[in-house]
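For reference, the structure discussed in these notes is given below.
Number of protein chains: 2
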Amino acid sequence: MSRKDIYLGEFEHIVLLAILRLGADAYGMRMRTTINDLIHRDVSIGALYATLERLEKKKFVKSRLGEATAERGGRAKRYFELTSLGKSALTRTRSNLETMWRDISW
Amino acid sequence: MSRKDIYLGEFEHIVLLAILRLGADAYGMRMRTTINDLIHRDVSIGALYATLERLEKKKFVKSRLGEATAERGGRAKRYFELTSLGKSALTRTRSNLETMWRDISW
DNA sequence: GGCATTTATTCTATATTGTAGAGTATATAA
DNA sequence: TTATATACTCTACAATATAGAATAAATGCC
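Residue numbers (my numbering), protein chains in the order written: chain A, 1 to 106; chain B, 1 to 106.
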């Protein structure tokens, strides 16, 4: 495992938080609107799924396919959740940033 | 200006904070040890300067060449400081992360 | 049934950011 | 005039971020 596996990229950080926030409702399209609603960042679908793939490859998240629902366009969703590795990456990233921000004044 | 110019990468974020922290003493080699001391991240010289170059190209920092000092190896240092664009990128990045972290419990 | 519409994910290609380490420059020390 | 220390530049490559077309699978409606 290379050093890079220790740190979260900026967008990876955001995506993991979106998953935590959505809990049992954490699937791609929903994350996208959540991120857009919260920080007005208009992320493309491709950008989001590519990031989710990478996070899964690194074992920071795991996913499972849900069931189709009785709605127009209600095809099966792919749900994501954090692994313990993902959670520790998140706390480490936050902690590092907090340390860097400590006592910064301007 | 593309959308990317609005956001800071994870390492860019850290480097800008190192510059703010060091103030009048913000030059490459020093940033490196500061980052290593604070968050135990062993960043290579190449990685750091490449990032500084990019930040300057994006007008997030500006640099000036200092004078040589009377010490062994005391060649002139290149000092960096944040521009107002860099400061606003930093506050925006922090603010977005804070919003994403809000009410996260686990 | 069959086509339009809606929600959702996958695929493909490219730009930007992160990373390492050798190489170069320029000081003082010996 | 060579050794050693600090500091920066250059080059190459890996990982992350980004966009949007393509595809899939559901319901609505004629």
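Heads up, the beta-carbon is just placed ideally off N, CA and C, and yes, glycines get one too. No experiment lies behind these values; they were computed from the predicted model shown.
- Task: Could you tell me if A:ILE6 is buried or exposed, where buried requires 16 or more neighbouring beta carbons within 10 angstroms of its beta carbon?
- Result: In the first sequence, counting from the first residue as 1, residue 6 of chain A sits at position 6. Burial call: exposed.
- Taking C-alpha atoms, which residue in A:GLU98, A:HIS13, A:MET100 lies nearest to A:LEU55? One-based indexing of the first sequence puts residue 55 of chain A at position 55. A:LEU55 has its Cα closest to that of A:HIS13, out of A:GLU98, A:HIS13, A:MET100.
- Task: Name the two residues that bound the continuous beta strand (DSSP E) containing A:SER105.
- Result: Taking the first residue of the first sequence as position 1, residue 105 of chain A is located at position 105. First-last for A:SER105: undefined, no H or E at that position.
- Message: Among the candidates A:ALA47, A:THR33, A:LYS87, whose CA atom is the shortest distance from the CA of B:SER105?
- Response: By 1-based counting over the second sequence, the position of residue 105 of chain B is 105. Nearest option by C-alpha distance: A:LYS87.
- Under a Cβ-count criterion, where at least 16 other Cβ atoms within 10 Å of its own Cβ denotes burial, should A:LEU16 be classed as buried or exposed? On the first sequence, residue 16 of chain A is found 16 positions in, with the first residue counted as 1. Buried, by the Cβ-count rule.
- Three-way DSSP call (helix, strand, coil) for B:LEU8 in this model: On the second sequence, residue 8 of chain B is found 8 positions in, with the first residue counted as 1. Secondary structure at B:LEU8: coil, using DSSP grouped into helix, strand and coil.
- Query: Based on Cα-Cα distance, which residue from A:THR33, A:GLY28, A:LEU82, A:LEU38 lies nearest to A:LYS58?
  - Reply: Sequence index remark: in the first sequence, residue 58 of chain A carries index 58 (1-based). Closest by alpha carbon: A:LEU82.
- Query: Which residues in the same chain as A:THR34 place their Cβ atom closer than 7 Å to its Cβ, once the five residues preceding and following it in sequence are excluded?
  - Reply: Indexing the first sequence from 1 puts residue 34 of chain A at position 34. Excluding sequence neighbours, A:THR34 sits near ALA18, ARG21, LEU22.
- Supposed contact pair A:ILE45 and B:ARG100 - C-beta distance, whole angstroms, cut 8 Å: Taking the first residue of the second sequence as 1, we reach residue 100 of chain B at position 100. Taking the first residue of the first sequence as 1, we reach residue 45 of chain A at position 45. Reading off the sequence, residue 100 of chain B comes out as Met, not Arg. Not a contact, Cβ separation roughly 19 Å.
- Message: Counting only Cβ pairs nearer than 7 Å, list the residues of chain A close to B:ILE104.
- Response: Within the second sequence, the letter at position 104 stands for residue 104 of chain B. Those are LEU17, LEU20, ARG21, listed as they occur along chain A.
- Query: Is A:PHE60 closer than 8 Å to A:ALA26 when the C-beta atoms are compared?
  - Reply: Position 26 of the first sequence, counting from 1, holds the residue named residue 26 of chain A. Position 60 of the first sequence, counting from 1, holds the residue named residue 60 of chain A. It is not a contact, given that the beta carbons lie outside the stated cut-off.
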